[in-house]
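Taking it in order: structure first as structure tokens, then the write-up.
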Amino acid sequence: MSYITNEKIEQYIYNLLPESPRILKELEQVAKSRHVPIIGPLVGRLLHILARTSRAKHILEIGTAIGYSAIWFGLGVKQQKGRVITIEIDQNTAQEARKNIARAGLQKTVEVINGDGMKVIPKLKGKFDIVFIDDSKENYPKYLEMCINRLNKNGLLIADNALWRGEVLLESRSADADALAKFNELLMKKMQSVIIPARDGVAIAIK
Ligand code: DHB
Ligand code: MG
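Okay, so the sequence shown: first residue is 4 according to the numbering used here, each after it adds one.
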């Protein structure tokens, strides 16, 4: 991952962070060796803090991967009896995430659903205090349309990769970068929103 702000500043912040809880530290190693694009300890802590300060009870995550971010959320809301539903399209990856989540002691807090977010979300009941989008980049604008009505009042819509290696700035850009640029514009129009330039950019919006 290249740095979108200043490499030295970003390294300074990462170096200040204490070690992540053991399971997350292990997953950071797994992600590094297998090139799994996880949010990392800085954005992980940000999600954890947002989940706790908002006293979230119902969190929806789109894009589980190996469960790293779901575990940060889960650790944030376990005490406040919050629940996390996370959707993963790949069956083997979903199974691996379930194992990691169980090892973190979060099997009652985090539920992994194996399926396509576009199809699973309309079938889910109820509303959410946080929706976190970290899935197929081309689907971000559609996920926004789909999820905005599923947020409770004061609910947070959070999205990873909002700056996509800085490619959202380019005039000639990939389909992924274009989808993210459109997503950012849509988000700013529809909700009270910010983009934090941590790691690859995190968009945070309140309903
Ligand atoms: C990449 C990073 C991500 O955070 C993600 O969700 C998908 C891909 C990447 O760097 O390729
Ligand atoms: Mg991501």
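Note that CB positions come from ideal geometry on N, CA and C, so glycine has one too.
Two segments are said to touch when three or more pairs of C-beta atoms, one from each, lie closer than 8 Å; by this definition the region 125-137 touches the region 38-54. For ILE207, the beta-bridge partners assigned by DSSP are ILE161 and VAL197.
Between the region 110-128 and the region 157-177 there are fewer than three inter-stretch CB-CB distances shorter than 8 Å, so the stretches are not counted as touching. When beta bridges are read from the DSSP output, PHE135 appears opposite GLU64 and ILE161. The set of residues with CB atoms less than 5 Å from any heavy atom of the ligand MG reads, in chain order, ASP137, ASP163 and ASN164.
In its chain, beyond the 5 residues on either side, GLU22 have a beta carbon closer than 8 Å to the beta carbon of LYS28. Annotated three-state conformation of ASN117 is strand, per DSSP. Looking at ARG55, LEU63, GLU64 and ILE62, the one whose alpha-carbon comes closest to that of GLN83 is ARG55.
Residue environment analysis places HIS61 among the buried positions, since at least 16 neighbouring C-beta atoms fall within 10 angstroms of its C-beta.
Separation of LYS145 and LEU19 (C-alpha to C-alpha, rounded to the nearest whole angstrom) is 37 Å. Short of 7 Å from the beta carbon of ASP93, and not among the five residues preceding or following it, lies no beta carbon of its own chain. For LEU127, the three-state secondary structure derived from DSSP is coil. At a threshold of 6 Å, PRO40 counts as near the ligand DHB, since its beta carbon sits closer than that to one of the ligand's heavy atoms. Burial check for LYS126: the Cβ neighbour count within 10 Å stays below 16, so the residue is exposed.
In the DSSP assignment, ARG86 falls within the beta strand (DSSP E) that extends over 86-91. If you look at TRP167, you'll find it isn't in any alpha helix (DSSP H); DSSP assigns it neither H nor E. Separation of GLN32 and GLY43 (C-alpha to C-alpha, rounded to the nearest whole angstrom) is 10 Å. Approximately 14 Å separates the beta-carbon atoms of LEU147 and ASN164; this is outside 8 Å, ruling out the contact.
A straight-line Cα-Cα distance of about 12 Å links TRP75 and THR67. Between VAL171 and ALA162, the gap from beta carbon to beta carbon reaches 7 Å or more.
LYS210 and ASN187 have their C-alpha atoms roughly 15 Å apart.
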